[in-house]
Amino acid sequence: MTQSFVISGDLLIGAESTGDNRTARAINPATGAKLEPAFAIASEADVARACELASQAFDVYRATSPEERAAFLEKIADNIIDIGDALIERAAEETGLPLARLQGERGRTVGQLRLFAQVVRSGEWLDLRVDPALPERKPLPRPDLRLRQIPLGPVAVFGASNFPLAFSVAGGDTASALAAGCPVVVKGHLAHPGTGELVGRAIRTAVAACGLPEGTFSLLTGANETGAALVRDPRIKAVGFTGSRGGGLALGAIAAARPEPIPVYAEMSSVNPVFLFPAALAARAEAIGTGFIESLTLGAGQFCTNPGLLFAIDGPDLDRFVAAASAALTGRAPAPMLTPGIHAAFDKGVAALADHEAVKTVAHGAPAEGVNRSPGIFFETDVEPFLADERLGHEVFGAAGLLVRCKDIDQMIAVAEKLEGQLTATLQIEAGDHAVAAKLLPVLERKAGRILANGWPTGVEVSHAMVHGGPFPATSDSRTTSVGTLAIRRFLRPVSYQDLPEGLLPVELRDEGIKGLPHLLDGVRKAH
Ligand code: NAP
21 MTQSFVISGD
31 LLIGAESTGD
41 NRTARAINPA
51 TGAKLEPAFA
61 IASEADVARA
71 CELASQAFDV
81 YRATSPEERA
91 AFLEKIADNI
101 IDIGDALIER
111 AAEETGLPLA
121 RLQGERGRTV
131 GQLRLFAQVV
141 RSGEWLDLRV
151 DPALPERKPL
161 PRPDLRLRQI
171 PLGPVAVFGA
181 SNFPLAFSVA
191 GGDTASALAA
201 GCPVVVKGHL
211 AHPGTGELVG
221 RAIRTAVAAC
231 GLPEGTFSLL
241 TGANETGAAL
251 VRDPRIKAVG
261 FTGSRGGGLA
271 LGAIAAARPE
281 PIPVYAEMSS
291 VNPVFLFPAA
301 LAARAEAIGT
311 GFIESLTLGA
321 GQFCTNPGLL
331 FAIDGPDLDR
341 FVAAASAALT
351 GRAPAPMLTP
361 GIHAAFDKGV
371 AALADHEAVK
381 TVAHGAPAEG
391 VNRSPGIFFE
401 TDVEPFLADE
411 RLGHEVFGAA
421 GLLVRCKDID
431 QMIAVAEKLE
441 GQLTATLQIE
451 AGDHAVAAKL
461 LPVLERKAGR
471 ILANGWPTGV
481 EVSHAMVHGG
491 PFPATSDSRT
501 TSVGTLAIRR
511 FLRPVSYQDL
521 PEGLLPVELR
531 DEGIKGLPHL
541 LDGVRKAH
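If you number the sequence shown the way our numbering does, the last residue is 548 and the count never jumps.
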């Protein structure tokens, strides 16, 4: 570990390491032990200072060339790798997640920074359009119109508890906002503040190495009030959030109540329904059963894409599936959950299901040995009670799954109509199911951001065609995604330039500048 990558408990406000109220401690969820050091809680003045620096940095940062911005993103990735094993070891201590998972997550984190560097260089995100003037057009001449996308301004990012690297300080929200040209102020998650500080220092070192203004990036730690002050600050122009429905709604309400309301991109809650079709169950009920339990229990079920709800038509093949899933779950040792709070919330959600008169416990994992862990659990119910109690369709964050037995395909479609918005919907199908699956697809398109066949929703590819979004409550804005390159659009807005003299146009919209870039000329796509 190089000297600059230390864990001091400081707030990283621009180039300054600061903070007075050092009262926050990370906890090792696997043991319950408190970890050193104590972390500063950002005051309102700290929040205001970070936002002021971000605001001062904005015009300089957004004017960086695509090459400069891409090189900055790549430098962050390199610096994260340079931290070495210390990053993985600290993340494991703070989260209880296995080393291999964290190594994979680090790969995803630097991979998405490098992917966004490619996106910035490609120029597609600028969405350049030119409608040349038509001075002779009758009855009215057309003006010269040129369009590009510009960044919104400083963005507040809330680190997610369940991805200490890939959706935290240098995660997808930060990468997409920086790629768009927005300075970022992160409110790190107190589930992994040391991991956050190491990564924050890697970003700050990249800011300095690339000669960027110090306010391009700041990292704050704190409590609810810190996050609320950040969203209220008039210099913040958009918010990226991953967490609970309550947290996302609270921050959305704060943003909407500002004198200048701003967009909040909150990814909150999804139960990720899986539909088991008859031919698929007949062909491979056992394999589907074990595959389901693998996905359900992955990472102690702490994924936003965890498959928490299954629908299938009652019958002997469904019983085969239930038997296989039960066998795969029984005896499985539970892993520690991320925080005592998340563990307590899981136990509460499971107790509500277990105590429900219309819900039967089918199987559960081995009893917990150690703190902050509970066995995975598999329930079942019928359609009528499911439709009568909307709470049965709510997310229980962790390894809890509920099977809903349907009488026929029409009932399966009818119950799908009643679902809330989802990140994903999964079909287990064979050729003999295609005709009936086609009837369900229009419903699922209205409900979910990603529809997948014969896989499991956990494991989200970071790529150009990925959507990790969906109607409320999956997210607060279904028009975009928080994973994949399309995420950059959340932090951009179009500006149209009408009849501006060539010398006043942005370089990429001038006749010479646009030649090397993808654009639309009078509605026709020009690659370069
Ligand atoms: P969380 O409680 O929503 O917290 C996420 C972040 O938002 C934290 O920084 C938190 O600050 C802040 N926050 C929450 N409520 C706030 C409020 N009213 N005002 C200002 N800031 C607020 O999420 P979590 O800690 O990650 O986990 C708790 C629960 O969230 C889980 O049990 C699970 O149900 C859900 N969750 C869902 C997903 C998903 O992908 N669907 C992912 C993670 C968690 P503080 O730390 O100060 O509270």
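Here a beta-carbon is modelled for each residue, glycine too, at the ideal position from N, C-alpha and C. Keep in mind it's a predicted model, so treat the numbers as computed, not measured.
- E389 and G52 have their alpha carbons spaced roughly 13 Å apart.
- At the C-beta level, L133 and L172 stay beyond 7 Å of one another.
- Burial state of N474 is exposed, judged by a 10 Å Cβ sphere holding fewer than 16 other Cβ atoms.
- Ligand 1 never approaches F398 closely enough for any of its heavy atoms to be under 6 Å from the residue's Cβ.
- A direct Cα-to-Cα measurement between G216 and D531 gives close to 44 Å.
- In the DSSP secondary-structure assignment, P293 is bridged to L329.
- By the C-beta density criterion, R499 is exposed, having fewer than 16 other C-beta atoms within 10 angstroms.
- For A365, the shortest separation between its Cβ and any heavy atom of ligand 1 lies below 6 Å.
- Distance between W476 and F366, taken at the CA atoms: about 21 Å.
- Cβ neighbours of P213 within its own chain (closer than 8 Å, five residues either side excluded): G29, A44, A46, F59, E114, T241.
- S394 sits buried, since 16 or more C-beta atoms from the chains shown fall within 10 Å of its C-beta.
- Apart from sequence neighbours up to five positions away, the residues of its chain that approach E522 with a beta-carbon distance below 8 Å are R530, D531, ordered along the chain.
- Relative to ligand 1, the beta carbon of C202 is positioned no closer than 6 Å to any heavy atom.
- I534 is not bridged by DSSP to any residue.
- The straight-line gap separating the alpha-carbon atoms of S289 and R510 is approximately 19 Å.
- Under the DSSP assignment, A65 falls in the alpha helix (DSSP H) whose first and last residues are 64-82.
- At least one heavy atom of ligand 1 lies closer than 6 Å to the C-beta of G267.
- Set against 6 Å, the gap from the CB of G272 to the closest heavy atom of ligand 1 is not smaller.
- Pairing Q448 with F341, the inter-Cα distance amounts to about 12 Å.
- For V284, DSSP records a beta bridge to V259.
- Relative to ligand 1, C71 has its C-beta separated by 6 Å or more from all heavy atoms.
- Comparing alpha-carbon positions, the option among P293, E528, I333, K368 lying closest to A494 turns out to be P293.
- Secondary structure note for K368: its alpha helix (DSSP H) is the uninterrupted segment 360-374.
- With a minimum length of 3 residues, the unbroken runs of beta strand (DSSP E) contained wholly in the segment 395-428 fall at 397-402, 420-426.
- Sorting I508, N182, K467, A386 by C-alpha distance to the C-alpha of A348 places A386 at the top.
- In this structure, the beta-carbon distance from S483 to G504 falls below 7 Å.
- Contact check for A420 and G328: beta-carbon distance about 6 Å, within the 8 Å limit, so the pair qualifies.
- Measuring C-alpha to C-alpha distances from L373 to each of E234, S315, L422 identifies L422 as the nearest.
- Between ligand 1 and L107, a heavy atom-to-CB distance of less than 6 Å is absent.
- DSSP, reduced to helix, strand and coil, places V379 outside both helices and strands of the structure shown, so it counts as coil.
- DSSP, reduced to helix, strand and coil, places F92 within a helical segment of the structure shown.
- Classified as exposed, L160 has fewer than 16 neighbouring CB atoms from the shown chains inside 10 Å of its CB.
- Relative to the non-hydrogen atoms of ligand 1, the Cβ of H209 comes within a distance shorter than 6 Å of at least one.
- For D151, the enclosing beta strand (DSSP E) begins and ends at 148-151.
- Residue burial is scored here from C-beta neighbours: S496 has at least 16 other C-beta atoms within 10 angstroms and is therefore classed as buried.
- For P203, the secondary structure class from DSSP, reduced to helix, strand or coil, is coil.
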